[in-house]
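Engineer:
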Amino acid sequence: MVKCKTFIFVLMTCWFLLNSCNKSKTIAHNDTNIIRENRYAATTLSAVIIGSSILEIKDKNRHLVLRYSWDEAQSRYPNADTIYDLGWDDSNKNYWFWSITPTHISYIAKYNVDKKELCYFDAPDDICGYNEYCFDTNKAILIYSNWFNPQSPEDEKEILSSQIILKKYNVEQKQISIIETNIGNEYSPVLENGLIKYHVREEVKILSD
Numbered sequence: 046m047v048k049c050k051t052f053i054f055v056l057m058t059c060w061f062l063l064n065s066c067n068k069s070k071t072i073a074h075n076d077t078n079i080i081r082e083n084r085y086a087a088t089t090l091s092a093v094i095i096g097s098s099i100l101e102i103k104d105k106n107r108h109l110v111l112r113y114s115w116d117e118a119q120s121r122y123p124n125a126d127t128i129y130d131l132g133w134d135d136s137n138k139n140y141w142f143w144s145i146t147p148t149h150i151s152y153i154a155k156y157n158v159d160k161k162e163l164c165y166f167d168a169p170d171d172i173c174g175y176n177e178y179c180f181d182t183n184k185a186i187l188i189y190s191n192w193f194n195p196q197s198p199e200d201e202k203e204i205l206s207s208q209i210i211l212k213k214y215n216v217e218q219k220q221i222s223i224i225e226t227n228i229g230n231e232y233s234p235v236l237e238n239g240l241i242k243y244h245v246r247e248e249v250k251i252l253s254d
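Following the working numbering, the numbering of the sequence shown begins with 46 at its first residue and continues without gaps.
#1: Indicate whether S136 and S144 have their beta-carbon atoms separated by less than 7 Å.
#2: With distances taken from CA atoms, which of N194, Q119, S190 is nearest V245?
#3: For E237, I'd like the list of residues in its chain whose CB is within less than 8 Å of its CB, leaving aside the five on either flank, ordered along the chain.
#4: Looking only at DSSP bridge pairs, what is G132 linked to?
#5: By the 10 Å Cβ neighbour count, where 16 or more other Cβ atoms means buried, how is T127 classified, buried or exposed?
#6: Starting from I186, follow the beta strand (DSSP E) in both directions and report where the run begins and ends.
#7: In the DSSP assignment, what residue or residues form a beta bridge with I95?
#8: Is it a yes or a no for the segment 165 to 184 touching the segment 197 to 206, going by three-plus beta-carbon pairs under 8 Å?
#9: As a quick exercise: from I251, Y178, W141, V216, pick the residue whose alpha carbon is nearest that of F166.
#10: If I follow the unbroken alpha helix (DSSP H) through D200, where does it start and stop?
#11: What would DSSP say about D167, mapped onto helix, strand or coil?
#12: At least one CB of chain B closer than 7 Å to the CB of N124: is that the case?
#13: What's the C-alpha gap between E248 and I228?
#14: Under the rule that 16 or more other beta-carbon atoms within 10 Å means buried, what is P234, buried or exposed?
#15: Express the C-alpha separation of G96 and D159 in angstroms, rounding to a whole number.
#16: In its own chain, which residues sit with a C-beta less than 8 Å from the C-beta of L240, not counting the 5 before and 5 after it?
#17: Rank Q218, I209, V110 by C-alpha distance to the C-alpha of Y156 and give the top, closest one.
#18: Helix, strand or coil for A87? Go by DSSP, reduced to three states.
#19: To which residues of the same chain is I210 closer than 8 Å at the C-beta, ignoring the five residues directly before and after it?
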């Protein structure tokens, strides 16, 4: 298991380096620890992901609220082997994270601090860590496409000739809908001031509910 985790860490590090110059958001984190602090009920909560393997949520006194390990989901999702940040919602009651690798997403999860409840949600099977995406933590909406940052002339040729589909996935309702299609162009979806924006060539569009 140690050798397996070491190999995964090396693979993920290479993946981050390959995507570090990508202007589109294909990954929302890097290979350092993630710290997300939010104000909730007059208490500062911090979510820290350690080495893509351990999630810890602590209160303002640094008391542990949750400690979660990457392997706790394996009985339900056997290919789950990482933990990465998606962020807090605006109520600061729900923290979102997922298990993602360059080849697949195992699950999306939400921890509710009030209820001390961890909920798992199935991820769409047509997205991986190389694809562009953004996630709305308030609406539990994942926006993604099959576009990826080309790493070789062969990759670029493949992308330019492929149909690129932008999709909306309602995590809690498990509903997928198609937003846009084009040939060869990225959408660069992003969440700004509560609005999901994406590009269709030179035009910036706002996703309607």
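In this text, a Cβ means the ideal position worked out from N, Cα and C, and glycines have one as well.
Structural biologist: Inspection of the coordinates gives the following:
#1: no
#2: S190
#3: none
#4: W141
#5: buried
#6: 186 to 193
#7: I99
#8: no
#9: V216
#10: 198 to 205
#11: strand
#12: Absent from the structure is chain B; it holds one protein chain and no more.
#13: 15 Å
#14: buried
#15: 26 Å
#16: I251, L252
#17: V110
#18: Because A87 carries a pLDDT of 40, less than 50, the predicted location of this residue cannot be relied on, and the following value inherits that uncertainty. Looking at A87 - three-state DSSP - the assignment turns out to be coil, as it is neither helix nor strand.
#19: S190, N191, I223, E225, T226
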